[in-house]
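Trainee:
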Amino acid sequence: MLGCRVLDLSDHRGQLAGAVLADLGADVILVEPPDGSAARTVGPFVAGREDDPEASLWFWSYNRGKRSIVLDLDTDEGRDRLLELAAGADVVIESDVPGAMAARGLGADDLAAANPALVYTSITPFGQSGPKAHWAATDLVVSAASMLSNIIGDEDRPPLRIPLDQCFLHASAEAAAATMIALRERSRSGRGQHVDVSAQQAAGQALQSMSLCHLYNSPEATRFSGGVKLGPFTVRLRSPAADGYVSTTILFGESIGPFGQRLFEWMHAQGGCSDADLEIDWINFVEGVMTGRIGFGEYDRIQQVAADFTAGRTKAELLEAALEQRLLMVPITTVQDVVEAPHYAERGFWRDIDVGDQQAVRFPGPFALMSRTPVELAGPPPTVGEHTDAVLADSAAAPRTPALVAEDVSKRLTAAVPAGHRDPAQPLADVKILDFMWVMAGPAATRVLADWGATVVRVESSNKVEAARTIQPFLNDEGGPDNGGLYQNMNAGKLGITIDMAKLDQPACRELVLDLVRWADVVCESFSPRAMREWGLSYDDLCEVNPDIIMASSCLFGQFGPLSSLAGFGTMGASMSGFYEMTGWPDRDPAGVFGAYTDYVSPRFLSTAILAALDHRDRTGEGQYIDLSQAEASMSFLAPAVLDYTLNGQMPAKLGNAHPQMSPHGVYASAGENRWIAIACENDDQWKALCWIVGESLGEFGELGLAERRERADDIDAAITAWTSCREGSETDALLQSAGIPAHAIPTSVTMPIDGQLVHRNHFRNVTHATNGTMWVEGARFAMSRSSDGIHHGGPTYGEHTFEVLERLLGYDSDQIAELAVAGVLE
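Adding 560 to a residue's 1-based position in the sequence shown gives its number in the working numbering.
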């Protein structure tokens, strides 16, 4: 990103995107209005400075390393200045309502006229066009619209949101990766374009593909405190410990079942379970329940046995056992636990930055460790307008990336694109990826790259089943290697080859894998840190056959440090990253985030790191190694809480759906069973409009200010519920939106596919599939004005593209392929 200039016009809904680009070396100029960015009013704050625009810890979290200028974009002078700056910029990021920038003469088309090579990225709740494009939305409302709230919380209470405005952070992280993709396309075409990011779609990644349940004719996932309900099974992800809580993952099948078996063997050695528990069928348990061989209550009993055992031991004792025995069991940590954990200190993760008169403020560190181009936190957040004079002094600079002439464009579009690629004009058509990823955190990152044209070859072994193939939802609720919605969603558009990796000690197998490495630009893997080294496929090994290779390793806690050997899934990363503890009702145990939360956050950062490494290699010829800790990458979403603790000693409280700066702010019952609507009032005008629509039951509260409304929240919520509970949610949200009140009915997987906004944005795609004919997957979570995604095929079946990969990509002849088959290398 060296030499890249970014104009960040966004507020608290988009500033993480610019922060990511700044960490990668871009010169990010934050353009603020005269009274400062709205993000400066978002808490938490430095204690005692709640009205100080220089003391917002939210602002600090997402603006360190940027330069600030003040421009009034509602004046001719401010608009002219921005146009001058845009002429010399590479990227503009904005998060205003659709059409607002165009109304000022500063929309994507206007700035493209000044600089045809400009990438213009917009972050909005629902996207730039469509029936809901102009709907008002807070984070609560986006969480509702994405269906995420429907699967978080206690089953006997309203659905919950995750604190710290997570939905717009998802959108911002998505915007950073999308911007990098557009910049790579520009490097070949010479032209910029408009990137359109929808927070509704971006937050939907945190559903773990549960939005597909109805389309797959599979049971709906429903919320359950401390876990999730999947069909007939209630998966507990919160169990008691002697000093808090732990998350113990007890699931079945070839990939996950052995972890449960080891757990019960260890418990038995400690006297924690019976001899009969050693006979649990960890591989075929689900099939046994479905056929009646195993009783429906047996799963609950197994989980309770484990919970009774953990209740008598401390979190530290259980973590030590998990590391020694390779168990899927970790403590549910607080923000304090995270900040004080030795692991992050040993990895040098934290960054101490002086901010104003605050000495050495501790910030979450780099989202990835990159061997050639380290991700750095460049400096403190700026004061309002701190760099105005310096930036405007050189604002007349000429465009630094002039558009290419037509002949040059044609040459660059086809340069380095693999022969036979379906669309050489796609943004990433020249990128070749060898994918050893599994489950979600890794495959989600390469899925985005495949969507936009990268050739991704996925290596699997049918002898060791990929866990995502065993995770619901299943087509017609029937398990099978090609029936899983998560697998299809994470691997759509990839090429599949099956190799028996156990035969890597045989020359034929090893040479095949190394030929794939020679072919690739990037090798991605998400095994435990020792796996690739034990196979002789470490970064150093790969460099011997492909010196400029980029290798990306993604695992829970990184490649080194005390926790690096902890094998597991994103449910464990979520439990140990601080999100889980803060999500819940004040009077109850933490309900926790849904499932594998770090698996939903970290892929955006992995995609961005890979694209940054490709950019560096294009300029220097150097490859590099990327060590991405999913927990560390996800810490960006926790940053304000980390600063609140390190500066103020304040731990985030469980708030339910309450908000410190908005009231009312909640989820209310609608007509029908388990149907809900989210409603939020950001200001007094929206509150008065709500009172007018609801009528008499809110009349006595109509003149209350924010502080008074918060004090009377229970009474106000009861009055709103009485009104909403006898109305259909889809009618209620339309009525409230017509008055400018943020609201959205919470959909289920039945209603998501017919949401007019998602239909408009072509979110659900019915794509071709080798064994099932067609399968449903989700589309891209952003759109581009010139480039189209290439989402046309589902995930590969076992070995579906083996011959295509060997013949077309590697140039093997039929004799070579036959020899590999005879040797048992190809499964």
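Cβ coordinates follow ideal geometry from the N, Cα and C atoms, glycine included.
1. Residues in its own chain within less than 7 angstroms of A1134 by CB, not counting five upstream and five downstream?
2. Can you give me the C-alpha to C-alpha distance between C833 and P779, rounded to a whole angstrom?
3. Please report the straight-line C-alpha distance between A1378 and G1384, rounded to a whole angstrom.
4. Kindly provide the ranges of any alpha helix (DSSP H) runs that are 4 or more residues long and lie completely inside the stretch 1118-1153, ordered along the chain.
5. So, with DSSP's three-state summary, where would you put P1067?
6. What are the start and end residues of each continuous alpha helix (DSSP H) run of 4 or more residues lying completely inside the stretch 1297-1355, in chain order?
7. CA-CA distance, L823 and M889?
8. Under the criterion of a Cβ to heavy atom distance below 7 angstroms, does L790 qualify as lining the ligand COA?
9. Is P1200 closer than 8 angstroms to R1269 when the C-beta atoms are compared?
10. Here's the rule: buried if 16 or more other CB atoms are within 10 angstroms of the residue's CB, otherwise exposed. What is H1176?
11. Which residue or residues does DSSP assign as beta-bridge partners of E1020?
12. Buried or exposed: P934, going by 16 or more other Cβ atoms within 10 Å of its Cβ?
13. Grouping DSSP H, G and I as helix and E and B as strand, with all else coil, what is M930?
14. Let me confirm a value: F996 is counted as buried when at least 16 other C-beta atoms fall within 10 Å, else exposed. Which label applies?
15. Looking at Q768 and A705, is the spacing between their C-beta atoms short of 8 angstroms?
16. Consult DSSP for M740 and reduce its assignment to one of helix, strand or coil.
17. Tell me, please, which residues DSSP counts as bridged to W695.
18. So, are the CB atoms of A1028 and L1046 less than 8 angstroms apart?
19. Any idea what DSSP makes of I862, helix, strand or coil?
20. Where does E1364 fall in DSSP's three states?
21. As a quick exercise: from E715, E1288, S1162 and R796, pick the residue whose alpha carbon is nearest that of G1232.
22. Of the choices G578, A586 and P613, whose alpha-carbon is the least far from that of P594?
23. At which residues does the beta strand (DSSP E) containing I810 begin and terminate?
24. Would you identify the three-state DSSP class for K626, choosing helix, strand or coil?
25. Report yes or no: do three or more beta-carbon pairs, one from the stretch 1240-1247 and one from the stretch 620-636, lie closer than 8 angstroms?
26. Near A737, which residues of its chain fall below 6 angstroms by C-beta distance, leaving aside the five closest residues on each side in sequence?
27. Give me the Cα-Cα distance between D1101 and W1079, rounded to the nearest whole angstrom.
28. Could you give the first and the last residue of the continuous alpha helix (DSSP H) run that contains I1253?
29. Using three-state DSSP, classify F793 as helix, strand or coil.
30. Measure how close the beta-carbons of Y1372 and A766 come, nearest whole angstrom, since I'm counting them as under 8 angstroms.
31. Taking the alpha helix (DSSP H) that M1050 belongs to, which residues open and close that run?
32. Is the stretch 685-701 in contact with the stretch 1308-1327, if contact means three or more CB pairs nearer than 8 angstroms?
33. State the Cα-Cα distance for the pair P1089 and W1012, rounded to the nearest angstrom.
34. Does the Cβ of P962 have 16 or more other Cβ atoms within 10 Å, making it buried, or fewer, making it exposed?
35. Whole angstroms are fine: how far does the CA of S799 sit from the CA of T874?
36. Express the C-alpha separation of E734 and L1097 in angstroms, rounding to a whole number.
Mentor: Let me lay it out:
1. Y1140, V1153, A1156, Y1157 and T1158
2. 32 angstroms
3. 10 angstroms
4. 1130-1135 and 1139-1142
5. helix
6. 1316-1320
7. 9 angstroms
8. The ligand COA is not among the ligands present in this structure, which contains no ligands whatsoever.
9. no
10. buried
11. T1058
12. exposed
13. strand
14. buried
15. no
16. helix
17. DSSP output for W695 lists no bridge partner at all.
18. yes
19. helix
20. helix
21. E1288
22. P613
23. Per DSSP, I810 belongs to no beta strand (DSSP E) and is neither H nor E.
24. coil
25. no
26. R1164, S1167 and T1168
27. 15 angstroms
28. D1244 to V1254
29. strand
30. Contact flag wrong, Cβ pair sits at about 41 angstroms.
31. G1045 to N1051
32. yes
33. 29 angstroms
34. The predicted model places P962 with a pLDDT of 42, which falls under 50 and marks its position as unreliable, so this point remains unresolved.
35. 12 angstroms
36. 30 angstroms
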